[in-house]
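> Residue numbers (my numbering): 15 to 488. Next up is a structure, given as structure tokens.
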Amino acid sequence: MAGAEDTRLIEAAGLDRDAIEARLDETLAGADDGELFLEHRESESLTFDDGRLKNANFDTTQGFGFRCVAGEKTGYAHAAELSEAAIGRAGETVAAVKAGHDGAVALDPSRTNARLYGADDPVDEGRFEDKVALMAEIDAYARARDPRVRQVSVGLHGELQRVEILRAGGARVSDARPLVRLNVQVVVGDGDRQEAGGHGTGGRVGYADFIRPEAWQESVHEALRQALVNLDSVAAPAGEMPVVLGPGWPGILLHEAIGHGLEGDFNRKKTSAFAGLMGERVASPGVTVVDDGTIAGRRGSLTVDDEGTPTEYTVLIEDGILKGYMQDRLNARLMGMAATGNGRRESFAHMPFPRMTNTYMLAGERDPAEIIASVPRGLYAVNFGGGQVDITSGKFVFTCTEAYLIEDGKIGPAVKGATLIGNGPDALTRVPAIGNDMALDPGIGTCGKNGQGVPVGVGQPTMLIEGLTVGGTG
């Protein structure tokens, strides 16, 4: 099984594997599904702000989650104590959901997945003093770039999560998942006006790839560029107009407005705007959207999901036709479909359900410059902040953190305060041009759903959407 060389958490906790497996078999006998999920996580988060170290947090957590599934009912218990007694009590609790149920334990995944990352431990990588010195160097470098820099914030986060997932009958899978992120934010000012810009990078590797001078300097340059662009921005226009989305991070709009609606639970419960539309046209020709958890080193990638299913390349929309949903084991079983490796949870204290990994639109054939040149007047949106989406209706509102007017087919002045308002499924049917420049985000995405947050990736090429509503200040 994938990850068999990883440290076994049961033995590391001094537990009797035979006794634990016997308890698992007893608890899941007659149930449809379930697992014992064990986790050990080490993490550090450092924040350097206004010329000094502001916060330094170091944390180690471990625990287990025990799940028993019967039909649509789920029993779940968790504890931060790895002991045979705690696991036994949890088993007695969750087994209550199978009372009167005549089921059979679901089959384990038949396929395996290649390891997508190493087992580097960022928390143990380098001395604390060196990390603080690096952040001070980034701060000084940013301030020296432009006299208008008034504040610099640097964030460094690293963690290593080890998981072990056991099923009835002795099936076992384990994984060790590193994750790092470097953030730089710059505030610039001119007189009474201040504006901010930020840039982050990250992935499932150690720190080495992101703390090389050429890497962090690029983050500083990008954060400063955005801040200076915003400093010269004018009030955003309002009204309905064509919008060109840039490549890479703007895929967050695709993630929120489209991706969540393609998760299995929303479609099984028929609360998604895409429910019941399998095989039908839901987007313009040329629109192909996939979820791919198998990209090496990416923030949203996993060797196996949090149910032990190997991740895969899942085609969701192909040339405008709805082809698939992202599935965990429970919803896949109830819908008569195959699990796609999208069963994810924030930690051992949370139940898994369908979540995205790396979700993006494939490239088209158009030159991005030609797409912009085809727009007489519109908006070019390059970076986004927060947004809100109604899964049932597909309606969304997103805030642009970097956007420009398009005037006579040319990129004009930067605008401030632009929001995009529309309907995700409807917007996908009004995409007349897709660029050939697909890019993934730099490794900064975190997705929230049902109170849980998990790391994800997004991406897309340059894309023209006709007739979006732009909310502005001008």
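For glycine and all other residues, C-beta sits at the position ideal for the given N, C-alpha and C.
Keeping to the same chain, check which residues put their C-beta closer than 8 Å to that of D451; ignore five residues upstream and five downstream.
As a position in the sequence shown, residue 451 is number 437, starting the count at 1. Cβ neighbours of D451 beyond the five flanking positions: P261, A377, P382, P475 and T476.
> Short of 7 Å in beta carbon distance, which residues of its chain neighbour E379, apart from the five on each side in sequence? Order them along the chain.
For the purposes of this step, residue 379 is taken as the residue at position 365 of the sequence shown. For E379, where only same-chain residues beyond five positions count, the Cβ hits under 7 Å are N450.
> Three-state secondary structure (DSSP) at L130?
In the sequence shown, residue 130 corresponds to position 116, counting from 1. Residue state, collapsed to three classes: coil.
> Who pairs with N356 in a beta bridge, going by DSSP?
For the purposes of this step, residue 356 is taken as residue 342 along the sequence shown, with counting starting at 1. None, per the DSSP bridge assignment.
> Which same chain residues end up closer than 8 Å to D404 when comparing Cβ atoms and leaving out the 5 residues on each side of it in sequence?
Within the sequence shown, the letter at position 390 stands for residue 404. Cβ neighbours of D404 beyond the five flanking positions: F410.
> Beta strand (DSSP E) containing P469: first to last residue?
For the purposes of this step, residue 469 is taken as the residue at position 455 of the sequence shown. Residues Q466 to Q474.
> Hey, could you find the ends of the beta strand (DSSP E) M477 is sitting in?
Along the sequence shown, read from residue 1 onward, the residue named residue 477 stands at position 463. Per DSSP, M477 belongs to the beta strand (DSSP E) from M477 to G485.
> How many Å lie between D1 and D279 at the Cα?
The structure shown does not extend to residue 1, since the chain is modelled only from 15 to 488, so the question has no answer here.
> Tell me Q165's beta-bridge partners as DSSP assigns them.
Taking the sequence shown and counting its residues from 1, the one referred to as residue 165 is at position 151. In the DSSP output, where bridge partners are listed per residue, Q165 has V201.
> Say the cut is 8 Å; is the CB of R164 nearer than that to a heavy atom of the ligand COA?
Of ligands this structure carries none, so the ligand COA is not represented either.
> Please return the same chain residues whose Cβ sits closer than 7 Å to the Cβ of M292, not counting the five positions on each side in sequence.
The residue given as residue 292 occupies position 278 in the sequence shown. Same-chain partners within the cutoff: L336.
> Just the Cα atoms here: how many angstroms apart are G205 and V198?
Counting from 1 along the sequence shown, the entry for residue 205 is found at position 191. Counting from 1 along the sequence shown, the entry for residue 198 is found at position 184. The alpha-carbon atoms of G205 and V198 are separated by roughly 23 Å.
> Please report how far the alpha carbon of A18 lies from the alpha carbon of A128, in whole angstroms.
Locating residue 18 in the sequence shown gives position 4, where the first residue counts as 1. Locating residue 128 in the sequence shown gives position 114, where the first residue counts as 1. Here the model assigns A18 a pLDDT of 40, short of 50, so the residue's position is not dependable and the matter cannot be decided.
> Is E173 helix, strand or coil by DSSP?
Counting from 1 along the sequence shown, the entry for residue 173 is found at position 159. The three-state reading of DSSP puts E173 in strand, counting E and B together.
> When the Cα of E332 is compared with those of P299, R195 and Q466, which residue comes out closest?
The residue labelled residue 332 in the question sits at position 318 within the sequence shown. Of all alpha-carbon atoms in P299, R195 and Q466, the one lying nearest the alpha-carbon of E332 is that of P299.
> Residue range of the alpha helix (DSSP H) that T107 falls in?
The count along the sequence shown starts at 1 and reaches residue 107 at position 93. Run containing T107: E98 to V108, per the alpha helix (DSSP H) assignment.
> Would V234 and I152 be called neighbours here (beta carbons separated by less than 9 Å)?
The count along the sequence shown starts at 1 and reaches residue 234 at position 220. The count along the sequence shown starts at 1 and reaches residue 152 at position 138. Yes.
> What three-state label does DSSP hand H92 in the structure shown?
Along the sequence shown, read from residue 1 onward, the residue named residue 92 stands at position 78. Residue state, collapsed to three classes: strand.
> Quick one: grab the DSSP three-state call for R275.
Stepping through the sequence shown from its first residue, residue 275 is reached at position 261. Checking the sequence shown, residue 275 turns out to be Gly, not Arg. G275: helix per DSSP, three-state reduction.
> Give me the Cα-Cα distance between G48 and L130, rounded to the nearest whole angstrom.
What you label residue 48 is simply residue 34 of the sequence shown in a count that begins at 1. What you label residue 130 is simply residue 116 of the sequence shown in a count that begins at 1. Using only the alpha carbons, I get a separation of about 25 Å.
> Would you identify the three-state DSSP class for M534, choosing helix, strand or coil?
The displayed coordinates of the chain run from 15 to 488. Any statement about residue 534 would go beyond what the structure contains.
> T373 and G265 - do their beta-carbons sit closer together than 9 Å?
Here residue 265 refers to the residue found at position 251 when the sequence shown is read from its first residue. Here residue 373 refers to the residue found at position 359 when the sequence shown is read from its first residue. It is a contact, given that the beta carbons lie within the stated cut-off.
> Per DSSP, which one or two residues make a beta bridge with T460?
To locate residue 460, count along the sequence shown from 1; it is residue 446. P469.
> Could you check what DSSP says for M149 in three-state terms: helix, strand or coil?
On the sequence shown, residue 149 is found 135 positions in, with the first residue counted as 1. Residue state, collapsed to three classes: helix.
> Rounded to whole angstroms, what's the CA-CA distance from G481 to V389? Just pull it up for me.
Stepping through the sequence shown from its first residue, residue 481 is reached at position 467. Stepping through the sequence shown from its first residue, residue 389 is reached at position 375. Taking the straight line joining both Cα atoms gives about 12 Å.
> Less than 9 Å between the C-beta atoms of E58 and D73, yes or no?
To locate residue 58, count along the sequence shown from 1; it is residue 44. To locate residue 73, count along the sequence shown from 1; it is residue 59. Their beta carbons are under 9 Å apart, which means E58 touches D73 by this criterion.
> Can you give me the Cβ contacts of W230 inside the same chain, cut-off strictly under 6 Å, excluding the 5 residues immediately before and after it?
Start at 1 with the first residue of the sequence shown, and residue 230 comes out as number 216. Cβ neighbours of W230 beyond the five flanking positions: I152.
> Taking the alpha-carbon of A210 as reference, which of A190, N345, L442 and N244 has the nearest alpha-carbon?
Working through the sequence shown from its first residue, we reach residue 210 at position 196. Nearest option by C-alpha distance: N244.
> For A18, which of helix, strand or coil comes out of DSSP?
Within the sequence shown, the letter at position 4 stands for residue 18. Only weak support exists for where A18 lies, its pLDDT of 40 falling under 50; the coordinates are left without a value.
> Run through the DSSP bridge pairs and tell me what S286 is partnered with.
Within the sequence shown, residue 286 is the residue found at index 272, counting from 1. Note: S286 sits in no beta bridge, so no partner.
> If you follow the alpha helix (DSSP H) that G140 is in, where does it begin and where does it stop?
Residue numbering aside, residue 140 sits at position 126 when the sequence shown is read from its first letter. It is not in any alpha helix (DSSP H) - G140 carries neither H nor E in the DSSP assignment.
> Pull the bridge partners of P324 from the DSSP assignment, please.
As a position in the sequence shown, residue 324 is number 310, starting the count at 1. Partner(s): V318.
> From the DSSP output, which residues share a beta bridge with E56?
In the sequence shown, residue 56 corresponds to position 42, counting from 1. In DSSP, E56 forms a bridge with T74 and L174.
> Can you tell me whether Q341 is buried or exposed? The criterion is at least 16 other CB atoms within 10 Å of its CB, across all chains shown.
Walking along the sequence shown from the start, residue 341 turns up at place 327. Buried, since its Cβ has 16 or more Cβ neighbours within 10 Å.
> Which two residues bound the contiguous alpha helix (DSSP H) that contains I266?
Residue mapping note: residue 266 aligns to position 252 of the sequence shown, counting from 1. Element bounds for I266: G265 to L268.
> Could you spell out where the alpha helix (DSSP H) holding L496 opens and where it closes?
Lying before the first or after the last residue shown, residue 496 is absent from the chain, which here runs from 15 to 488.
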